[in-house]
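Note that the sequence shown ends on residue 425 in numbering that gives the first Met the number 0; no numbers are left out. All C-beta atoms, glycine included, are put in the ideal place defined by N, C-alpha and C. Since the structure is predicted, the reported quantities are computational estimates derived from the model, not experimental observations.
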Amino acid sequence: MKIKFTALLSLALSAAMLIGAVLPMASCALNIKAQELSADYTRKTTETGEVTDAFITAMSDFSMTLFNTTVASDKEMGKENHLVSPLSAMICLAMIANGAEGETLTQMETALGMDIVSLNKALYAYTSNLYTGDNCKVSVADSIWYRDGDDNLVVKEKFLQTCADWYEAQQYKAPFDESTRKDINNWVKKYTDGMIDKILEKPIRPEVMMYVINALVFDAKWLDEYEKSDVKDRPFTSITGAEKQLPTLHSEESTYLTLEGGQGFAKQYKGGAYSFVGLLPDEGVNVYDFAASINGTVWQTMWENRTHETVYVRFPEFTYDSDMDLTPILQSMGMIDLFNANADLTGLGTYDGASLFCSGVYQKTFIEVSRHGTKAAAVTWGSNECGSAMPMEPKYVYLDRPFVYAIVDNATGLPLFVGIVTVLPA
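As structure tokens, then:
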């Protein structure tokens, strides 16, 4: 008998860096009624892992595959602007993979690009060493919630401990009633700084046995702040051809990016560890075709070949949210058995002796780019059923028509968030 398992990933982004695993918070501060078991599952391993070239390659490939596939899906459904957080998705799926076995695990490891043992260590090292500082906040939090009061449900201790060791996941046992729905929404609101206030709109169904949640918050100011004179109304032409005057940021930057079919720039946030990357397709190149051409190798090559030269930049202030069903995207990436009766998640837990399986993974995101900096949030959840150079001519990159953008970790070139803007609000 297969039972529904809900893997819930939640994250929040805002602009500059990432801090690493969980920042435990007392339940009372969160107004949570569920029984917290985090004290029973503290980090026991002394290993710290390593950010390897293999991890950077795997993360780049996963990031751009996820981005391109979701953009293609949104285009087919008539959706416009889009934002996805590959890092949050990777963390959530990695936690779930620690409960997968057999062919289910093989498929997940193939899609994620690494074996789960190596991935655990790399993600821990990566998130633990991402910079945070004044005017640049980044935090990551993880939690696992499982149903209390059903003797048929057996949650594996090894799974819980592994998630504590590498993701410092908070652990909660709860009745999965209305109080649990409120608890989970309160947790999400707290760990996304209120940018995402809820993920569960309806009562939790009886079939749901577990939620696995990741929350990522990113909030940073620009390294070089904009003055009032740097913000002027300029036209933005949407993908439909409609033109609108919008508040547009003007600046002179020093990092220029080139790739086939387009060009771009990088603008740093406070602390210098993260950048906003704007990529503009060449005239006559469709933004969707341009986005689809950027795979992991293209992305890393573009970043490694960046040049330091004068580039005059314009881009509009914008804010939007989006939501998407990642299930078909992950299936197209090779995670087939995770979502059907062939799933082997027995390493996570069992119900009446049988494996659980995942009935869906979803993501909800929000971003605000303004003259002050960047804020963004994303929530993903899955529903499981039981030196100096010669002077150069200045470059000009004006994002005054549909473009691709990202929030990038300067040390590795990895995108924490990737988005596309095709239409801005009237």
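Backbone CA spacing between residue i and residue j [nearest angstrom]
i: Val153; j: Asp324; result: 28 Å
i: Met107; j: Lys363; result: 22 Å
i: Val187; j: Asp164; result: 22 Å
i: Tyr115; j: Ile31; result: Correcting the residue identity first, residue 115 is Ile in this sequence and not Tyr. Those two C-alpha atoms are separated by around 32 Å.
i: Glu392; j: Thr309; result: 8 Å
i: Lys227; j: Lys220; result: 16 Å
i: Gly346; j: Ala93; result: 13 Å
i: Asn339; j: Tyr319; result: 33 Å
i: Thr64; j: Pro174; result: 37 Å
i: Lys189; j: Gly372; result: 21 Å
i: Asp147; j: Asp176; result: 10 Å
i: Asn409; j: Lys266; result: 11 Å
i: Asp182; j: Lys201; result: 13 Å
i: Tyr395; j: Pro315; result: 15 Å
i: Ala290; j: Ala33; result: 43 Å
i: Phe402; j: Leu279; result: 5 Å
i: Leu413; j: Tyr123; result: 15 Å
i: Val407; j: Asp39; result: 36 Å
i: Ser292; j: Asn285; result: 11 Å
i: Ile18; j: Phe365; result: With a pLDDT of 24 at Ile18, under the threshold of 50, the modelled position of that residue is not reliable, and no figure is offered here.
i: Ile198; j: Asp149; result: 24 Å
i: Arg370; j: Thr51; result: 35 Å
i: Lys243; j: Leu423; result: 8 Å
i: Met89; j: Leu82; result: 15 Å
i: Asp196; j: Leu398; result: 31 Å
i: Ala421; j: Gly77; result: The sequence given here has Thr at residue 421, not Ala. Spanning the two alpha carbons is a distance of roughly 11 Å.
i: Glu367; j: Asn151; result: 45 Å
i: Val360; j: Ser72; result: 15 Å
i: Phe356; j: Leu337; result: 6 Å
Residue interval of the beta strand (DSSP E) (run including residue i)
i: Asp60; result: First-last for Asp60: Asp52 to Glu75, but that is the alpha helix (DSSP H), not the beta strand (DSSP E).
i: Lys394; result: Lys394 to Tyr397
i: Met323; result: Phe317 to Asp324
i: Gly333; result: Taken as a continuous stretch (DSSP letters only), Gly333 belongs to no beta strand (DSSP E), as it is neither H nor E.
i: Gly359; result: Gly359 to Val368
i: Phe275; result: Tyr273 to Pro280
i: Ala405; result: Phe402 to Asp408
i: Val417; result: Pro414 to Val420
i: Gly295; result: No beta strand (DSSP E) holds Gly295; the alpha helix (DSSP H) holding it covers Gly295 to Glu303.
i: Ala265; result: Gly261 to Gln267
Test: residue i CB closer than 8 Å to a CB of chain B
i: Leu111; result: The structure shown has no chain B; it contains just one protein chain.
For residue j and residue i, believed in contact at Cβ under 8 Å, the rounded distance
i: Thr191; j: Val216; result: 6 Å
i: Gln169; j: Leu159; result: Rounded, the Cβ-Cβ distance is 11 Å, inconsistent with contact.
i: Asn80; j: Ile328; result: Actually they are not in contact, since the Cβ atoms of Asn80 and Ile328 sit about 17 Å apart, beyond 8 Å.
i: Gly348; j: Gly101; result: About 15 Å; that fails the 8 Å criterion.
i: Met301; j: Leu256; result: 5 Å
i: Lys172; j: Tyr145; result: 6 Å
i: Asn185; j: Leu29; result: 5 Å
i: Ile212; j: Ser138; result: No, Ile212 and Ser138 are not in contact; Cβ-Cβ is about 14 Å, not under 8 Å.
Residue i - containing alpha helix (DSSP H), residue span
i: Ala88; result: Pro85 to Ala96
i: Thr349; result: Run containing Thr349: none in the alpha helix (DSSP H); it sits in the beta strand (DSSP E), Gly348 to Tyr350.
i: Val187; result: Glu177 to Tyr190
i: Leu104; result: Gly101 to Leu111
i: Phe338; result: Where Phe338 is concerned, there is no enclosing alpha helix (DSSP H), given that its DSSP letter is neither H nor E.
i: Ala290; result: Val286 to Ala291
Q) If we count Cβ pairs, one from each stretch, closer than 8 Å, do we get three or more for the region 292–311 versus the region 251–260? A) yes
Q: Counting only runs of 3+ residues fully inside the region 198–255, write out the beta strand (DSSP E) ranges in chain order.
A: 209–220 and 230–236
(Q) With three or more C-beta pairs closer than 8 Å as the rule, is the region 54–69 touching the region 206–215? (A) no
Q) Taking only runs of the alpha helix (DSSP H) that begin and end inside the region 118–175, which ones reach a length of at least 4 residues, in chain order? A) 156–166
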